[in-house]
Amino acid sequence: MKLFIDTANLDEIREVHSWGILSGVTTNPSLIAREGRDFIEVVHEICELVQGPVSAEVTAQDAEGMIREGRLLAQIHEHVVVKVPLLEPGLMACSVLASEGIAVNVTLCFQASQALLAGLAGATYVSPFIGRIDDISWDGGELIEHITEIYAQSPSIHTQVLAASLRHPQHLVQAALSGADVATCPYKVLKQALKHPLTDIGNQRFLEDWEAVPERDISVLVQRWLQSR
Ligand code: E4P
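Residues in the sequence shown are numbered consecutively from 1018, following the working numbering.
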């Protein structure tokens, strides 16, 4: 499973990108609004930094408007993936944009039947919202399993399942176990996914024990060893 970050904040993206684990970025109008910056400039900067798929969402509500905005967004950078909502106009826009070779992320997916339609419309990604599904006491992990099973049985569908709306590290694990192709995580969840108190305690203990070693500068030790050979 590949990992995207779900943010429009350049500092967060820069930090996680430096870990070497990031394949792409998803944004949405709420995340862009939070930054208080020019939408197009932010998307372009993210694309240049990550050099991988970057979802940028249309805000028009009719198919014609979504297609027009999608074509424009695709001109910002070759890595832009046009994000459309899983509504009737979004489906129509997805079909047209996909037929023009534009990558589309069909977002706000809450049931498997919607994902089937997005797949048939030629979406590059479909985004089931795990966290928001769990919020209403349904099972987000089960939804991912159903979508991956449907896609596996549909040879004409080449859509990737992009698990979205992840709220905690267990959602990330659930996405991976359920067969998602990609999971997009907020910065906070990625930090939580990395951190474990036993890792910190163990690391601290190794350092304390190492203090008892008289010759402990590894570069000196290796240089000396190399010269003695
Ligand atoms: C996905 O592409 C969305 O931007 C995102 O995951 C929504 O998450 P939320 O439910 O935490 O807003």
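Glycine residues also receive a C-beta, built at the ideal position from the N, C-alpha and C atoms.
Beta-carbon separation (whole angstroms), residue i vs residue j, contact threshold 8 Å
i, j, result
"Val1123", "Leu1103", "5 Å"
"Tyr1142", "Val1098", "7 Å"
"Glu1052", "Val1059", "6 Å"
"Pro1106", "Ala1080", "4 Å"
"Ala1013", "Ile1049", "Since the first and last residues shown for the chain are 1018 and 1246, residue 1013 lies out of range."
"Val1075", "His1034", "Contact doesn't hold; Cβ gap of about 25 Å is too wide."
"Leu1179", "Asp1198", "7 Å"
"Ile1119", "Gly1087", "6 Å"
"Ala1255", "Thr1176", "Residue 1255 lies beyond the residue range present for the chain, which begins at 1018 and ends at 1246; the question has no answer from this structure."
Environment of residue i [buried if 16+ CB atoms lie within 10 Å]
i, result
"Pro1231", "exposed"
"Ser1182", "buried"
"Ile1030", "buried"
"Leu1211", "exposed"
"Pro1145", "buried"
"Gln1131", "buried"
"Phe1223", "exposed"
"Gln1244", "exposed"
"Val1237", "exposed"
"Thr1044", "buried"
"Ser1171", "exposed"
"Pro1203", "buried"
"His1188", "buried"
"Val1239", "exposed"
Segment limits, beta strand (DSSP E) that includes residue i
i, result
"Pro1145", "1142-1145"
"Thr1124", "1121-1126"
Contact with chain C by residue i, beta-carbon distance below 8 Å
i, result
"Gly1139", "Going by chain labels, chain C is absent from the structure shown, which holds only one protein chain."
Delimiting residues of the alpha helix (DSSP H) encompassing residue i
i, result
"Ala1193", "1186-1194"
"Lys1019", "Lys1019 -> not in any alpha helix (DSSP H); beta strand (DSSP E) instead, spanning 1019-1023."
"Ile1164", "1157-1169"
"Arg1222", "1214-1227"
"Pro1172", "Neither: Pro1172 is in no alpha helix (DSSP H) and is coded neither H nor E."
"Ala1135", "1129-1137"
"Trp1242", "1235-1244"
"Glu1105", "1105-1116"
Beta-bridge pairing of residue i - partner residues as DSSP gives them
i, result
"Cys1202", "Ile1022"
"Val1098", "Ser1072"
"Thr1043", "Asp1023, Ser1072"
"Leu1179", "Val1199"
Discussion item. Suppose only complete runs of 4+ residues qualify. What are the alpha helix (DSSP H) ranges in the region 1050-1096, listed by chain order?
Written reply: 1056-1067, 1080-1091
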